[in-house]
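A.B. asks:
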Amino acid sequence: MSVLGESTGMGSGVQEQRTAPLAQGEVLPISSSGQSEASYEGIKQTRSILNSLFSGALAGAVAKTAVAPLDRTKIIFQVSSARFSAKEAYKLIYRTYLKDGLFSLWRGNSATMVRVIPYAAIQFCAHEQYKRLLGEYYGFQGGVLPPVPRLVAGSMAGTTAAMVTYPLDMVRARMAVTPKEMYSNIVHVFVRISREEGLKTVYRGFSPTILGVIPYAGLSFFTYETLKKLHAEHSGRSQPYSYERLAFGACAGLVSQSASYPLDVVRRRMQTAGVTGHTYGTILGTIKDIVSEEGVVRGLFKGLSMNWVKGPLAVGISFTTFDLTQILLRKLHQMGYTQ
């Protein structure tokens, strides 16, 4: 009885304090429970961002390293007028191996890592945050977004990452198509470009990159998320097996890279114009030159068949690595290994 009376009295006292008029400049105190809840949500959100950044960085590094020789070969054909075929691609890889050794097939991969680690980290993290924001806006917190917001989240994530890391992509393309005597390291590329071609050259090809990344990233994330959603609905399992994730990612890579491939060719031509003897100034001008010299299919879609091997493999590895790393980090946290 006394406990009930004391608790009632305390409740009355709090009520009186809340209803009494505030003096000028006085602020109501925040309850300790409200503070702890806000603090917990802040910590939870910070941990989610850090997990996404780490998982994305690892996913990008693993995927790009796995396909680096194919990626380098594709870029070399993209920026030249030589006709592409699987046989010619194999010959180029074999000649490079005989002339410069096995590790020459990964030339430019250090520049790729410098670019792809922050790029993938930002892209995956941004995608998670855009999904959360759009989910709150459309009322789908914790669930799969509707198709249009799902596409928008992917496009915005890719655009954000590309804008931040573009100069590194430029450097990577230069190192991939030039002999090692021309550029000794990443810093040397920046120094020579700024001295010989002007600093603004590091943003040459930026416009086609952004125009290409919107459908590429949008369709990539959209396809992967959609396939996971359809899988959950038909299988009754909330989490796909690893080989299923690889298959979903491969489909996502096939769709997205095919849709944006001509713009990929255009940006590579513009990025490497300073070392290939061409003068590509605008997107439309570059497209016109490529088509007039090599034709639509042989020019704008050169190397696409190799991309159908490299792209699905890279995207599949990337999405699978990201998802599995996220799952591992959550389990480690639940077991008390991470704070």
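When you line the sequence shown up against this note's numbering, it's residues 61 to 399, in that order. Ideal Cβ positions, reconstructed from N, Cα and C, are used throughout, including at glycine. Keep in mind it's a predicted model, so treat the numbers as computed, not measured.
Hey, would you say Ser320 sits closer than 8 Å to Gly272, going by beta carbons?
C.D. replies: It is a contact, given that the beta carbons lie within the stated cut-off.
A.B. asks: Under DSSP, the alpha helix (DSSP H) around Asn367 begins and ends at which residues?
C.D. replies: Here the alpha helix (DSSP H) through Asn367 covers Leu364 to Gln394.
A.B. asks: Val224 to Pro322, Cα distance in whole Å?
C.D. replies: Roughly 22 Å between the two C-alpha positions.
A.B. asks: How long is the line joining the alpha carbons of Gly120 and Phe266, rounded to whole angstroms?
C.D. replies: Approximately 21 Å between the Cα atoms of the pair.
A.B. asks: What do you reckon, are the CB atoms on Ser215 and Gln386 nearer than 8 Å?
C.D. replies: No, these two residues do not count as a Cβ contact at 8 Å.
A.B. asks: What number of angstroms, rounded off, separates the C-alpha of Ala186 from the C-alpha of Arg210?
C.D. replies: Roughly 13 Å between the two C-alpha positions.
A.B. asks: Please return the same chain residues whose Cβ sits closer than 6 Å to the Cβ of Gly376, not counting the five positions on each side in sequence.
C.D. replies: Around Gly376: Leu306, Gly309 and Ala310.
A.B. asks: Pop quiz: Lys124 and Thr172 are said to be a contact at Cβ under 8 Å. What is the actual Cβ separation, rounded to whole angstroms?
C.D. replies: Their Cβ separation, rounded to whole angstroms, is 5 Å, which keeps Lys124 and Thr172 in contact under 8 Å.
A.B. asks: Quick check: the Cα distance between His294 and His248, rounded to an integer number of angstroms?
C.D. replies: Rounded to whole angstroms, His294 to His248 spans 53 Å at the Cα level.
A.B. asks: Determine, using beta carbons only, whether Arg328 and Val139 come nearer to each other than 8 Å.
C.D. replies: Yes, these two residues count as a Cβ contact at 8 Å.
A.B. asks: Of all the CB atoms in chain B, is at least one closer than 8 Å to the CB of Ala277?
C.D. replies: Although the question refers to chain B, the structure presented lacks it and comprises just one protein chain.
A.B. asks: Among residues of its own chain, excluding the 5 on either side of Phe137, which ones have a beta-carbon nearer than 6 Å to its beta-carbon?
C.D. replies: Here the set comprises Phe144, Lys362 and Gly363.
A.B. asks: For Thr332, I'd like the list of residues in its chain whose CB is within less than 7 Å of its CB, leaving aside the five on either flank, ordered along the chain.
C.D. replies: Hits under 7 Å: Val139, Ala233, Arg234 and Val237.
A.B. asks: Under the three-state reduction of DSSP, which class applies to Asn169: helix, strand or coil?
C.D. replies: Here Asn169 sits in helix by DSSP.
A.B. asks: Return the residue from the list Gly341, Lys151, Tyr243 and Tyr276 that minimises the CA-CA distance to Arg167.
C.D. replies: When each option's Cα is compared against that of Arg167, the closest is Tyr243.
A.B. asks: Check whether the Cβ atoms of Gly371 and Leu287 sit closer than 8 Å, and answer yes or no.
C.D. replies: No, the Cβ-Cβ distance between Gly371 and Leu287 is not below 8 Å.
A.B. asks: May I ask which residues mark the beginning and end of the alpha helix (DSSP H) holding Lys159?
C.D. replies: From DSSP, the alpha helix (DSSP H) with Lys159 extends over Ala146 to Asp160.
A.B. asks: Taking the CB atoms as reference points, tell me whether Leu162 and Arg132 lie closer together than 8 Å.
C.D. replies: Result no, Cβ atoms of Leu162 and Arg132 do not sit closer than 8 Å.
A.B. asks: Measure the CB-CB distance between Ser316 and Ser365 and report whether it falls below 8 Å.
C.D. replies: No. Outside cutoff.
A.B. asks: Using DSSP with H/G/I as helix, E/B as strand and the rest coil, what is Ile90?
C.D. replies: Any reading at Ile90 is ruled out, since the residue's pLDDT is 47, under 50, leaving its predicted position unreliable.
A.B. asks: Could you give the distance in angstroms between the alpha-carbon of Glu285 and the alpha-carbon of Glu256?
C.D. replies: For Glu285 and Glu256, the distance between alpha carbons rounds to 45 Å.
A.B. asks: Hey, how far is the Cα of Val87 from the Cα of Gln105?
C.D. replies: Unreliable positioning characterises Val87 in this predicted model, as indicated by a pLDDT of 48, which lies under 50. The coordinate reading is nonetheless provided below. Those two C-alpha atoms are separated by around 28 Å.
A.B. asks: Could you check what DSSP says for Gly85 in three-state terms: helix, strand or coil?
C.D. replies: Confidence in Gly85 is poor, its pLDDT being 48 and thus under 50, which makes the residue's placement unreliable; the coordinate value appears in the next sentence. In the structure shown, Gly85 sits in coil (DSSP, three-state: anything other than H, G, I, E or B).
A.B. asks: Would DSSP call Tyr397 helix, strand or coil?
C.D. replies: In the structure shown, Tyr397 sits in coil (DSSP, three-state: anything other than H, G, I, E or B).
A.B. asks: To the nearest angstrom, report how far apart Glu354 and Ser141 are at their CA atoms.
C.D. replies: For Glu354 and Ser141, the distance between alpha carbons rounds to 7 Å.
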